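Number of protein chains: 2
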Amino acid sequence: MTIKAVVFDAYGTLYDVQSVAEVTEDAFPGYGGIITQVWRIKQLEYTWLRSLMRRYQDFSAVTRDALAYTLKCLGLDYDAETFERIIAKYLNLDLYPDAMAALEAMRDRKLAIFSNGSPDMLDALVKNSGLAGVLDAIISVDAGKVFKPSPDAYTLIESRLHTPPSEVLFVSSNPWDACGAKAFGLNVAWIERVSPEAMALACLESETLPPLTMFWALRTQMDELGVVPDHRIHSLAELPGLVSAIRS
Amino acid sequence: MTIKAVVFDAYGTLYDVQSVAEVTEDAFPGYGGIITQVWRIKQLEYTWLRSLMRRYQDFSAVTRDALAYTLKCLGLDYDAETFERIIAKYLNLDLYPDAMAALEAMRDRKLAIFSNGSPDMLDALVKNSGLAGVLDAIISVDAGKVFKPSPDAYTLIESRLHTPPSEVLFVSSNPWDACGAKAFGLNVAWIERVSPEAMALACLESETLPPLTMFWALRTQMDELGVVPDHRIHSLAELPGLVSAIRS
Chain H
53 MTIKAVVFDA YGTLYDVQSV AEVTEDAFPG YGGIITQVWR IKQLEYTWLR SLMRRYQDFS
113 AVTRDALAYT LKCLGLDYDA ETFERIIAKY LNLDLYPDAM AALEAMRDRK LAIFSNGSPD
173 MLDALVKNSG LAGVLDAIIS VDAGKVFKPS PDAYTLIESR LHTPPSEVLF VSSNPWDACG
233 AKAFGLNVAW IERVSPEAMA LACLESETLP PLTMFWALRT QMDELGVVPD HRIHSLAELP
293 GLVSAIRS
Chain L
53 MTIKAVVFDA YGTLYDVQSV AEVTEDAFPG YGGIITQVWR IKQLEYTWLR SLMRRYQDFS
113 AVTRDALAYT LKCLGLDYDA ETFERIIAKY LNLDLYPDAM AALEAMRDRK LAIFSNGSPD
173 MLDALVKNSG LAGVLDAIIS VDAGKVFKPS PDAYTLIESR LHTPPSEVLF VSSNPWDACG
233 AKAFGLNVAW IERVSPEAMA LACLESETLP PLTMFWALRT QMDELGVVPD HRIHSLAELP
293 GLVSAIRS
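Chains as they are written, first to last, in this note's numbering: chain H, 53 to 300; chain L, 53 to 300.
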């Protein structure tokens, strides 16, 4: 079996969600890092909670709700213009520097994004980052009205690409997403962008631990969910070699 | 319509999940607070993720997995005895000081716990805290094999107590739980134990913000999930008065 399609998570995998820190810092000096982290954590929580509550709203709405929560819980006042300026950055996130070259090197396979993002968000993101020409499909969970890691979300990959899970390599830096995809039956490569050693080192002195290190600890270490991704890589640059090597 | 049954969330509502901090601090000096917070956050994440993945494991297993994650991500080595000593505290959490009096004052209604906890955990907890005599039922989500806030969890209250949602007051300090119960159709009282003003004050100086304040910020402020609990109180002591006043 060879890999016929390489499918990428968007937020945190191809696109750096941390790149909103500049605009949040500009809007609220001194709070940029904290807003960025709380916002991301609550954004994901809300996708899980709304899915479980069966009260789906698209990722655009959830992202706005999470930002509103964040500013409120930090006690920050804001006007509509500031809010919209921060939100707008989500349509223009930085592409990871090694993304384009990795995609270009795998153009002999089907290439797609499979993301929580709503179609309008993903279309804007792909267009703004110049990825439109290299992707065969942009697949949003919105078609199934449930977020990852529900199996009803991952099944959209096959229905859209007509490639069975056994011939798909799904790539995500989000541990819970990598686990969800593996539990569903996809081949999965997890991008580990922060090593446990680096985390442990940062945590050695808990008294002086910066808050952001703790947020990282919550969402970048492999989760204990009873499944393990097939492959662990450290950057997108490792992907073309991995994809060629997978022949079982 | 009067309230015929008052149903309580357990962890964080009747029982103080922060009371594990003493045993975690004893096991890992200097890390007690951080372990306590990360552990709780991951414990809840895993209930949501496993429910969405349709890979339910009971709360006992999830609690162990979350603790294992926490110690690993903080770079802390441990032996089995230490691990078990920490886990054991979960069967012996501190009851909030105003819990017993509030329950005693409402014995003219049906009183129950409805919790994510597995039956064995809840039985031990209730027995160890002396609540066995005042509760009419201990309802675990385990009967439905899905965690809150799935509607399939909250529906267990009616099937067990034979009291319709309109005659139940559900009480939780967990914002996401209060929202889930409200979305399901229960009357809901949310216990707000940390005021936004106190949080905002703590966040005024972000550079020196202790990590634990941030964890609190993530899980004690009311969530933006499109529903709002019916009542907001600040302690269990306010409940008997509230329950008597509800007659619509």
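A virtual CB, placed ideally from N, CA and C, is assigned to each residue, including glycine. Quick caveat, the model's predicted, so the values are computed rather than measured.
(message) List, from N- to C-terminal side, the beta strand (DSSP E) runs of 3 residues or more that fit wholly inside the segment 188 to 257 of chain H.
(response) 189 to 192, 220 to 224, 239 to 243
(request) Using three-state DSSP, classify residue 140 of chain H as helix, strand or coil. (result) helix
(message) With DSSP as the reference, identify every bridge partner of residue 165 of chain L, one or two as the case may be.
(response) For residue 165 of chain L, DSSP records a beta bridge to L:60, L:190.
(message) Using a Cβ-Cβ distance cut-off of 8 Å, determine whether residue 312 of chain H contacts chain L.
(response) Past the boundaries of the shown model lies residue 312 of chain H; chain H is included only from 53 to 300, so the question cannot be answered.
(message) I'd like the span of the beta strand (DSSP E) that includes residue 284 of chain L, first residue to last.
(response) 283 to 285
(message) Taking only three categories from DSSP, how would you classify residue 277 of chain L?
(response) coil
(message) Strictly below 8 Å CB to CB, what residues from chain H border residue 95 of chain L?
(response) Those within 8 Å of residue 95 of chain L in chain H number zero; the least Cβ separation is about 11 Å.
(request) List the residues of chain L whose Cβ lies closer than 9 Å to the Cβ of residue 121 of chain H, in chain order. (result) 273, 274, 275, 276
(message) Counting only C-beta atoms, is residue 269 of chain H closer than 8 Å to chain L at any point?
(response) True, the Cβ-Cβ gap to chain L drops below 8 Å.
(message) Could you check whether the Cβ of residue 245 of chain L sits closer than 8 Å to any Cβ belonging to chain H?
(response) no
(message) Let me check understanding here. Comparing Cα to Cα, which of H:80, H:173, H:53 lies closest to residue 191 of chain H?
(response) H:173
(request) Classify residue 67 of chain L as helix, strand or coil using the three-state DSSP reduction. (result) Three-state DSSP puts residue 67 of chain L in a strand.
(message) Report the CB separation of residue 279 of chain H from residue 231 of chain H in whole angstroms; it is logged as a contact under 8 Å.
(response) 5 Å
(request) Report the partner residues of residue 54 of chain L according to the DSSP bridge assignment. (result) L:299
(request) Using a Cβ-Cβ cut-off of less than 7 Å, list which residues of the segment 192 to 226 of chain L approach chain H; keep chain order. (result) 201, 202, 203
(message) When you compare the CB of residue 109 of chain H with every CB in chain L, is at least one pair closer than 8 Å?
(response) yes
(message) For residue 313 of chain H, would you say it is in contact with chain L, using Cβ-to-Cβ distances shorter than 8 Å as the test?
(response) Residue 313 of chain H lies beyond the residue range present for chain H, which begins at 53 and ends at 300; the question has no answer from this structure.
(message) Please report whether the beta-carbon of residue 232 of chain H lies at a distance below 8 Å from any beta-carbon of chain L.
(response) yes
(message) Per the DSSP calculation, residue 128 of chain H is bridged to which residue(s)?
(response) In the DSSP secondary-structure assignment, residue 128 of chain H is not bridged to any residue.
(request) Determine the DSSP secondary structure at residue 147 of chain H, reduced to helix, strand or coil. (result) strand
(message) Can you look up residue 175 of chain H in the DSSP assignment and give me helix, strand or coil?
(response) helix
(message) Let me see if you follow: with CB-CB separation under 8 Å, is residue 90 of chain H close to chain L or not?
(response) True, the Cβ-Cβ gap to chain L drops below 8 Å.
(request) Establish whether the CB of residue 73 of chain H and some CB of chain B are separated by less than 8 Å. (result) The question asks about chain B, but that chain is absent: this structure's protein chains are H and L.
(request) Assign residue 81 of chain L to one of three DSSP states: helix, strand, or coil. (result) When secondary structure is reduced to three states using DSSP, residue 81 of chain L falls in the coil class, being assigned neither helix nor strand.
(request) Please work out which residues of its chain come closer than 8 Å, Cβ to Cβ, to residue 244 of chain L, disregarding the five sequence neighbours upstream and downstream, and give them in chain order. (result) 225, 272, 274, 284, 285, 286
(request) Report the rounded CA-to-CA distance for residue 72 of chain H versus residue 122 of chain H, giving the unit in angstroms. (result) 14 Å
(request) Work out the CA separation of residue 168 of chain H and residue 61 of chain H for me, nearest whole Å. (result) 8 Å
(request) Quick one: list the residues of chain H neighbouring residue 98 of chain L, beta-carbon separation under 8 Å, in chain order. (result) 275, 276, 277
(request) Find out if the Cβ-Cβ distance for the pair residue 218 of chain H, residue 53 of chain H is shorter than 8 Å. (result) yes
(message) Applying the 10 Å Cβ sphere with the 16-neighbour rule, what's the burial state of residue 110 of chain H?
(response) buried
(message) Going by C-alpha to C-alpha distance, which of H:106, H:136, H:127 sits closest to residue 112 of chain H?
(response) Ranking the options by Cα distance to residue 112 of chain H, first place goes to H:136.
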